[in-house]
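Enquirer: Going by the numbering used here, the sequence shown opens with residue 135, and the numbers climb by one from there. All C-beta atoms in this analysis are idealised placements derived from N, C-alpha and C, irrespective of residue type, glycine included.
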Amino acid sequence: MELTLLGLGAMGTALARAWLAAGYPLTVWNRTSGRAEPLASEGARVAATAAEAVAAGDLVVVCLLDDASVGEALAGVDLTGKDLVNLTTGTPAQARARAEWAESRGARFLDGGIMAVPPMIGVPESGGYVLYSGSRALFDARHEALAVPAGTRYVGTDPGFAALHDVALLSAMTGMFAGVSHAFALLRGEDLAPKDFAPLLVEWLTAMAPSAYEIAGQLESGDYTEGVVSNLAMMVEGNSTLLRTAEEQRVSAELLIPFMALMERRLAEGHADEGTTGVIELLIR
Ligand code: NDP
Numbered sequence: 135m136e137l138t139l140l141g142l143g144a145m146g147t148a149l150a151r152a153w154l155a156a157g158y159p160l161t162v163w164n165r166t167s168g169r170a171e172p173l174a175s176e177g178a179r180v181a182a183t184a185a186e187a188v189a190a191g192d193l194v195v196v197c198l199l200d201d202a203s204v205g206e207a208l209a210g211v212d213l214t215g216k217d218l219v220n221l222t223t224g225t226p227a228q229a230r231a232r233a234e235w236a237e238s239r240g241a242r243f244l245d246g247g248i249m250a251v252p253p254m255i256g257v258p259e260s261g262g263y264v265l266y267s268g269s270r271a272l273f274d275a276r277h278e279a280l281a282v283p284a285g286t287r288y289v290g291t292d293p294g295f296a297a298l299h300d301v302a303l304l305s306a307m308t309g310m311f312a313g314v315s316h317a318f319a320l321l322r323g324e325d326l327a328p329k330d331f332a333p334l335l336v337e338w339l340t341a342m343a344p345s346a347y348e349i350a351g352q353l354e355s356g357d358y359t360e361g362v363v364s365n366l367a368m369m370v371e372g373n374s375t376l377l378r379t380a381e382e383q384r385v386s387a388e389l390l391i392p393f394m395a396l397m398e399r400r401l402a403e404g405h406a407d408e409g410t411t412g413v414i415e416l417l418i419r
């Protein structure tokens, strides 16, 4: 099996090193050729063009900046008979369109969403993994090579599903970052060391994270009051303490207010006994 990798940015370089370390014959290409030089000395073959790199591989992995750069790099390149794995971050719609585009050029297609940062690549104990969706046949046939840089999780034949899972996880993380930012802002100016507060924060967020299972159960059953231990009426009441404290500490509550406003709307619609699951209904357009 001949392996080709297009894209030697921070992530592509980490992927390349993992495959080289595992003894895979690897051809690489990067738009800016200088970035390939260190890999050449580590055993990679360096192709002068994307077309030449693709021609050299049966399994072609692409890890470029965005979907537009994938289209640009592969424009006019012969993909007939290739297994194309796109590890470039994009939207579900972009992944679906890219799958159609690849298949119409005679390639099998798998999209991937990397749930890791470069230092986690090639380090199994880091817990990093890649979400895959699209051709199951490709995933099964190439699993051994795909499993070298990071763990693998296949999430469905719909090529948009890897991106959908990826973006949903990153969106949840964004909310967490917002909450953490607000929490540290509250401590500013007090005689409190952020590093002493950090372990409490991690412990609390870890303890609260399994609430996702409760929300999932309620979404499945359709009963948003099922197993509720903290109801919306109580939580909305508690919001006023959160807001008053922000004011006392001279901290803007702009990161909290949008979610609180949705909780209040759901409560006003008569759902005092629910948790926060009903907020999801208000988000659907
Ligand atoms: P970098 O910015 O380090 O590298 C971007 C790569 O894309 C470079 O190889 C660059 O080439 C290439 N590129 C950009 N535009 C074009 C173009 N028009 N034609 C050809 N090549 C192009 O990004 P990363 O390596 O960090 O990220 C790559 C992908 O991996 C992204 O989609 C990112 O979202 C994803 N990812 C990255 C993570 C990270 O922590 N780094 C984590 C999870 C996913 P050149 O060298 O010539 O500029």
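Mind checking whether the beta-carbon of residue 251 lies closer than 6 Å to any heavy atom of the ligand NDP?
Expert: yes
Enquirer: Does the beta-carbon of residue 262 have 16 or more other beta-carbons within 10 angstroms, so that it is buried, or is it exposed?
Expert: buried
Enquirer: Count Cβ pairs between the region 270-286 and the region 236-252 that sit closer than 8 Å; are there 3 or more?
Expert: Between the region 270-286 and the region 236-252 there are three or more C-beta pairs closer than 8 Å, enough to call the two in contact.
Enquirer: Taking all protein chains shown into account, do 16 or more other C-beta atoms lie within 10 angstroms of the C-beta of residue 407, making it buried, or fewer, making it exposed?
Expert: exposed
Enquirer: Following a CB-centred definition, is residue 206 positioned closer than 6 Å to any heavy atom of the ligand NDP?
Expert: It does: the Cβ of residue 206 is within 6 Å (strictly closer) of some heavy atom of the ligand NDP.
Enquirer: Ignoring anything shorter than 3 residues, give me the beta strand (DSSP E) runs that lie fully in the region 252-303, in order along the chain.
Expert: 263-268, 285-288
Enquirer: From residue 385 to residue 316, what does the alpha carbon distance come to, in whole angstroms?
Expert: Here the alpha carbons of residue 316 and residue 385 stand approximately 8 Å from one another.
Enquirer: Whole angstroms is fine: what's the gap from residue 144's alpha carbon to residue 188's?
Expert: Answer to the nearest angstrom: the Cα atoms are 21 Å apart.
Enquirer: Shortest alpha-carbon distance to residue 373 belongs to which of 356, 396, 361, 358?
Expert: Selected option, being the one with the closest Cα: 396.
Enquirer: Within 8 Å, do at least three Cβ pairs link the region 256-274 to the region 305-321?
Expert: no
Enquirer: For residue 419, count the other beta carbons within 10 Å of its own beta carbon; 16 or more makes it buried, fewer makes it exposed. Which is it?
Expert: So residue 419 ends up on the exposed side.
Enquirer: Flag this pair as yes or no: are the beta carbons of residue 265 and residue 301 separated by less than 7 Å?
Expert: no
Enquirer: In whole angstroms, what separates the C-alpha of residue 410 from that of residue 364?
Expert: In a straight line, the C-alpha of residue 410 is about 9 Å away from that of residue 364.
Enquirer: State the DSSP-derived secondary structure class of residue 418, mapped to helix, strand or coil.
Expert: coil
Enquirer: So the beta strand (DSSP E) residue 244 belongs to, where does it begin and stop?
Expert: Unbroken beta strand (DSSP E) run through residue 244: 242-249.
Enquirer: Consider the C-beta atom of residue 142 and the heavy atoms of the ligand NDP; say whether any pair is separated by less than 6 Å.
Expert: Yes, the beta carbon of residue 142 sits closer than 6 Å to at least one heavy atom of the ligand NDP.
Enquirer: Please report the straight-line C-alpha distance between residue 138 and residue 228, rounded to a whole angstrom.
Expert: 22 Å
Enquirer: Taking the CB atoms as reference points, tell me whether residue 161 and residue 191 lie closer together than 7 Å.
Expert: yes
Enquirer: Please state whether DSSP places residue 359 in a helix, a strand or coil.
Expert: coil
Enquirer: Please list the segments of the alpha helix (DSSP H) lying wholly inside the region 156-215, counting only runs of 4 or more residues, in order along the chain.
Expert: 171-174, 184-190, 201-208
Enquirer: Should residue 272 and residue 217 be called a contact, given that it needs their Cβ atoms to be closer than 7 Å?
Expert: yes
Enquirer: Using a threshold of 6 Å, is the CB atom of residue 199 nearer than that to any non-hydrogen atom of the ligand NDP?
Expert: Residue 199 Cβ: within cutoff of the ligand NDP.
Enquirer: Buried or exposed: where does residue 383 fall if 16 or more other Cβ atoms within 10 Å of its Cβ makes it buried?
Expert: Its Cβ having fewer than 16 others within 10 Å, residue 383 is exposed.
Enquirer: Between which residues of its own chain and residue 293 is the CB-CB distance below 7 Å, once the five residues before and five after are set aside?
Expert: 229, 230, 233, 243, 245, 267, 268
Enquirer: My output table needs one value for residue 217: the three-state DSSP class, helix, strand or coil.
Expert: strand
Enquirer: With a threshold of 6 Å (Cβ to nearest heavy atom), would residue 146 be considered close to the ligand NDP?
Expert: yes
Enquirer: DSSP three-state call for residue 142: helix, strand or coil?
Expert: coil
Enquirer: State yes or no: is the C-beta of residue 204 within less than 7 Å of the C-beta of residue 196?
Expert: One thing to note: residue 204 has its Cβ within 7 Å of the Cβ of residue 196.
Enquirer: In whole angstroms, give me the CA-to-CA distance for residue 83 and residue 308.
Expert: With the chain represented from 135 up to 419, any question about residue 83 goes unanswered, as that position is not in the structure.
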